[in-house]
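Colleague: Mind looking over this structure? Questions follow.
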Amino acid sequence: MALFGAHVSSAGSILKTFERAEEVGAEVFQFFLRSPRVWGWKGVSKELVSKFRERLSEFGNPVMVHAPYLLNLASPREDLRRRSVEVFLEELKFCDELGVDFYNFHPGTATGISEEEGMKNILRSLEEIFSSYEPKKTVVLLENTAGEKGDLGKNFEELSLILKSFQGVKMGICLDTCHAFAYGYEINTDTGFSEFLKEVEKVGLENVKAIHANDSKVPLGSRKDRHEHIGEGFIGLRGFENLLKHEYFGTLPYFIETPKVDDMDRVNLERLRRIYSG
Ligand SMILES: [Zn+2]
């Protein structure tokens with residue numbers, strides 16, 4: 032059975048995420064452990080960790096943490112790459128402690144270097160991470176990107192290269208519909224969707240563990256990451272119907288990361304549920 036939820040703010044306290052999820056009728060949710068555009072982090076008290084774990088077990092459904100946007104495991108600048116590895120490790124350990132199901136991250140960006148060099152840096156960074164810590168509960172999810180300005184992990188070849196390098200580690204894919212479409216996967220037509228399914232096989236369908244459900248403000252292949260409300264962008268309801276009616280994709284948790292205006296989280300979730308049960 033598919034579950035539907037949203038990205039929610041953790042401002043103030045990570046415990047507030049539960050109330051914020053409930054407010055929009057989310058059955059699953061995603062949040063940032065820290066402000067996503069700053070390096071610093073105050074950390075969380077032991078007491079808060081145990082309260083969070085308690086709430087999480089009552090909640091019962093999958094919860095995901097999204098890594099900060101600042102991380103770049105592909106960076107040619109050794110100081111930035113090292114810092115990214117440290118933050119990733121710190122957050123991954125903490126996710127495990129909290130008992131969250133997924134830690135989602137964008138693989139990395141090749142800035143001023145070739146994509147091959149960037150990919151080597153990603154593999155080296157993940158090697159450093161997983162050789163010093165193996166998560167017990169939390170599954171690390173690679174999110175596909177739109178392929179904007181050197182963003183790696185934009186297609187299933189690149190994702191599978193990473194996945195196959197770490198076969199002993201709990202790792203999977205989070206499929207962002209907006210990024211996939213913006214990269215060039217035409218998920219909103221019959222032929223496009225069956226082509227897409229063939230491509231997904233490169234990572235193994237069963238390795239896709241979650242969906243970031245976002246429509247796209249930009250047309251197919253634009254390679255820009257611009258999220259739109261469900262059904263109001265270039266993907267349209269049809270693209271979401273293809274996923275939700277699919278025998279495997281229709282069993283995954285869906286997290287919307289659509290613009291936070293008015294009551295739109297609730298509206299977007301209703302749209303997905305209507306397609307799913309329609
Ligand atoms: Zn996403």
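If you count the sequence shown from 1, position 241 lands on 272 in our numbering, and the numbers rise without skipping.
Backbone N, C-alpha and C fix where the C-beta goes; we use that ideal spot for every residue, glycine too.
1) Ordered along the chain, which non-local residues of its own chain (more than five positions away) have a Cβ less than 8 Å from that of G267?
2) Hey, L123 and V170 are a contact pair by Cβ (cut 8 Å); roughly how many whole angstroms apart?
3) Cβ of D207 within 7 Å of any heavy atom in ligand 1?
4) By the DSSP assignment, the beta strand (DSSP E) with N135 in it spans what residues?
5) Is H277 near ligand 2, with its Cβ less than 7 Å from a heavy atom?
6) Suppose contacts are defined by Cβ-Cβ distances below 8 Å. Is L251 in contact with G215 by that definition?
7) Closer than 7 Å: is that where the CB of E179 sits relative to any heavy atom of ligand 1?
8) Is E174 near ligand 1, with its Cβ less than 7 Å from a heavy atom?
9) Select from T142, E89, A213 and K201 the residue whose C-alpha is nearest the C-alpha of Y134.
10) For a minimum of 3 consecutive residues, which ranges assigned as the beta strand (DSSP E) are wholly contained in the segment 166–233?
11) In the DSSP assignment, find the alpha helix (DSSP H) that holds V116 and state where it starts and stops.
Modeller: The relevant details are as follows:
1) Residue mapping note: residue 267 aligns to position 236 of the sequence shown, counting from 1. Excluding sequence neighbours, G267 sits near N219 and D246.
2) If you number the sequence shown from 1, residue 123 lands on position 92. If you number the sequence shown from 1, residue 170 lands on position 139. About 10 Å; that fails the 8 Å criterion.
3) Residue 207 sits at position 176 when you count from the first residue of the sequence shown. Yes, since a heavy atom of ligand 1 falls inside the 7 Å radius drawn around the Cβ of D207.
4) Sequence index remark: in the sequence shown, residue 135 carries index 104 (1-based). Where N135 is concerned, the enclosing beta strand (DSSP E) stretches over F133 to F136.
5) Inclusion of ligand 2 in the displayed structure is not the case, the ligand content consisting of ligand 1 alone.
6) On the sequence shown, position 220 is the one that residue 251 refers to. On the sequence shown, position 184 is the one that residue 215 refers to. Yes, Cβ-Cβ distance for L251 and G215 is below 8 Å.
7) By one-based count along the sequence shown, residue 179 stands at place 148. E179 Cβ: outside cutoff for every heavy atom of ligand 1.
8) The sequence position of residue 174 within the sequence shown is 143, counting from 1. Checking the Cβ of E174 against ligand 1 gives yes.
9) Mapped onto the sequence shown, residue 134 falls at position 103. Checking every option, the nearest Cα to that of Y134 belongs to K201.
10) 170–174 and 202–207
11) In the sequence shown, the residue the question calls residue 116 occupies position 85. Run containing V116: E109 to L129, per the alpha helix (DSSP H) assignment.
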